[in-house]
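Heads up, the thing below is written out as structure tokens.
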């Protein structure tokens, strides 16, 4: 399948986004699936056997869930593998300033992509899986997908892209709803909060968050204090895979209707900056007609600012925050350190995927 590049007029409406794409007509218009999670993946690539240089092809991965009202819940979730870089064709570069690493995309046709169906360890689709966020462990290329279906068993499913991505034989096509490829589950682990979305902070630390609609006003998406001060709006910093795993840092309340969160430690504002600062980004949205919010929280420290599960002062607005406005339906977030960008996507209207440079999101910090 072929995506389309976002035009400069579209990028201009996205707070300095320097690259982005939209889906083909069918995927943009379908009501059977909705896009949710996002992450990036770098895959080693060689032009030929004589090329000994380490090169990588960058992919953006996006999750979609099958809609219940369209009777697609039995398909569970699928992942779009979107190839951003194509070393065999002419590429062009989209960038907002000289300090942002360039992101090449095929200048003629836009990126290509393929949908892959998620299946469990028994080769079965995972009905009702929302897959509201995605995260890649870049050391192992394992994909982490939150499973928020069962309140008695909050867990994250892990898929090994390197060893468990299979092409479906034609004789089994019907079993997998006509999908040509499936990604089989490798393992899973428990988390302490409803895992609506997630992202890696460090190789052994995951940020997990919970979506909750805590406002009485159903007509709009708002950051009113009455909506923020609800302990259902949780984030948790969870250590993974260590022999003596420390207790997770669970913290609340944050924003209502959180759709994604990403946390960067010691982030430098630009390539020339000599000191770094902690930055917490949170996306929040509700409905297909109400504007979305991207909240930038500077100098946040979960260890210091959360005590016994409670946010210091009880209100995230007491911190150094700036809120940016985005189109309706903004979803998951992903930090792309190599390109110094924050990736996100929308699920309603003209469904788009885009990256905003750190500099654009930090240029007015503290206002």
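Numbering (the numbering used here), first residue to last: 20 to 386. No residue lacks a Cβ here, since even glycine has one placed at the ideal position from N, Cα and C. The structure presented is a predicted model; accordingly, all values stated were derived computationally and were not measured.
| Check | Outcome |
| --- | --- |
| Classification of residue 256 by the beta-carbon crowding that lies within 10 angstroms, buried from 16 upward | buried |
| Whole-Å CB distance - residue 135 paired with residue 102, under 8 Å assumed | Contact flag wrong, Cβ pair sits at about 13 Å. |
| Residue 356 in three-state terms, based on DSSP | coil |
| Proximal residues to residue 211 (C-beta, below 6 Å), its chain only, five neighbours per side dropped | 255, 267 and 269 |
| Residue nearest to residue 225 in terms of C-alpha spacing, selected from 328, 274 and 281 | 281 |
| Where residue 169 falls, given that 16 or more other Cβ within 10 Å makes a residue buried | exposed |
| Beta-carbon separation (whole angstroms), residue 214 vs residue 173, contact threshold 8 Å | 6 Å |
| Same chain only: Cβ atoms within 6 Å of residue 316, ignoring 5 sequence neighbours per side | 299, 338 and 340 |
| Spatial distance of residue 367 from residue 154 (CA atoms) | 22 Å |
| Top-ranked residue by Cα proximity to residue 181, from 166, 201 and 234 | 201 |
| The ligand HEM heavy atom lying under 7 Å from the CB of residue 252 | What this structure holds is no ligand at all, so the ligand HEM is not there to describe. |
| Residue 287 to residue 26 span [Cα, whole Å] | 29 Å |
| At least 3 beta-carbon pairs within less than 8 Å: the segment 303–321 vs the segment 346–366 | yes |
| C-beta contact flag for residue 258 and residue 205 at 8 Å | no |
| Contacting residues, own chain, Cβ-Cβ under 6 Å from residue 98 (five flanking each side not counted) | 80, 82 and 135 |
| Local conformation of residue 337 per DSSP, three classes | helix |
| Coarse secondary structure for residue 48, derived from DSSP in three states | helix |
| Beta-ladder partner(s) of residue 61, from DSSP | 77 |
| Residues near residue 312 by beta carbon distance below 6 Å, same chain, minus five either side | 303 and 342 |
| Nearest-angstrom Cα separation, counted from residue 240 out to residue 308 | 9 Å |
| Continuous beta strand (DSSP E) assignments of at least 3 residues falling wholly in the segment 246–330 | 254–258, 268–270, 277–287, 295–303 and 311–317 |
| Whole-Å CB distance - residue 218 paired with residue 260, under 8 Å assumed | The Cβ separation is near 16 Å, so there is no contact. |
| Residue burial classification, residue 208 (beta-carbon count within 10 angstroms, cutoff 16) | exposed |
| Which of helix, strand or coil DSSP assigns to residue 116 | Unreliable positioning characterises residue 116 in this predicted model, as indicated by a pLDDT of 35, which lies under 50. A coordinate reading is not provided. |
| Stretch-stretch touch, CB-based, cutoff 8 Å, three pairs: the segment 143–152 with the segment 89–96 | yes |
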